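Chemist: Structure provided below as structure tokens; questions to follow.
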Ligand code: CUA
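Take a look at the structure:
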């Protein structure tokens, strides 16, 4: 019974325990290093997306010009929503999106930091001037969601609200299929 006598040998037990102690210490050091590095990395940049944009020229050129705001269906069947968050309104005031569709929401600000949150979903990001915040999501059921600004952005902050209308995908295609931009703001 060599195994039994090996197992009872204190040297072998010590060596095995030491190996496990090193392995566990290694895991702890690794996890700690990941936490520290990730914390420093994310603290050094704005949340969600690091994409710089010239906040002073949003209205002059590029994707955040007025005519480009709102929901745009892509050739691959996904949707891109472009929103401007500014003191003290979102443009557009109402976003319409289809259900069962991958939606990328791109938001930026020409003035100060705003918050972008869609109530009842996990969409929640800061909007920092000079950067484009991008959130990818998907709405499974039709309905309406409130969309308040949740970063204090000065005196008009509490009036800075918009809303999101989630429309059944077939209905959406019927209503907006011919248009390049979809918006539930009545014009
Ligand atoms: Cu915008 Cu608070």
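Residue numbers (my numbering): 6 to 192. Every residue, glycine too, gets a C-beta built ideally from N, C-alpha and C. Here the structure is a predicted model, which is why all the values come from computation and not from measurement.
So which residues touch the region around the ligand CUA, with touch meaning a C-beta under 5 Å from any heavy atom?
Modeler: Any residue whose Cβ sits closer than 5 Å to a heavy atom of the ligand CUA makes the list: 119, 154, 158, 162 and 165.
Chemist: Helix, strand or coil for residue 6 per DSSP?
Modeler: Here residue 6 scores only 48 on pLDDT, less than 50, and its place in the model should not be relied on; the value that follows carries that caveat. Coil.
Chemist: Do you know offhand how far residue 15's Cα is from residue 22's?
Modeler: Looking at the two C-alpha atoms, the distance is approximately 10 Å.
Chemist: Using three-state DSSP, classify residue 5 as helix, strand or coil.
Modeler: There is no way to answer for residue 5, as the model of the chain reaches only from 6 to 192.
Chemist: Does DSSP put residue 65 in a helix, a strand or coil?
Modeler: Three-state DSSP puts residue 65 in coil, outside helix and strand.
Chemist: Please go through the same chain and pick out, in chain order, the residues whose beta-carbon is closer than 7 Å to the beta-carbon of residue 176, but skip the five residues on each side of it.
Modeler: The answer is none, since no qualifying residue turns up.
Chemist: Does residue 79 pass the burial test, meaning 16 or more other C-beta atoms within 10 Å, or should it be called exposed?
Modeler: Residue 79 should be labelled exposed.
Chemist: Rounded to whole angstroms, how far is the Cβ of residue 99 from the Cβ of residue 167, which I believe are closer than 8 Å?
Modeler: With a Cβ gap of about 6 Å, residue 99 and residue 167 count as contacting.
Chemist: Specify the secondary structure class of residue 16 as computed by DSSP and reduced to three states.
Modeler: Here residue 16 sits in helix by DSSP.
Chemist: Under the assumption that residue 174 contacts residue 105 (Cβ atoms under 8 Å), give the Cβ distance between them as a whole number of angstroms.
Modeler: Yes, residue 174 and residue 105 are in contact; Cβ-Cβ is about 5 Å, under 8 Å.
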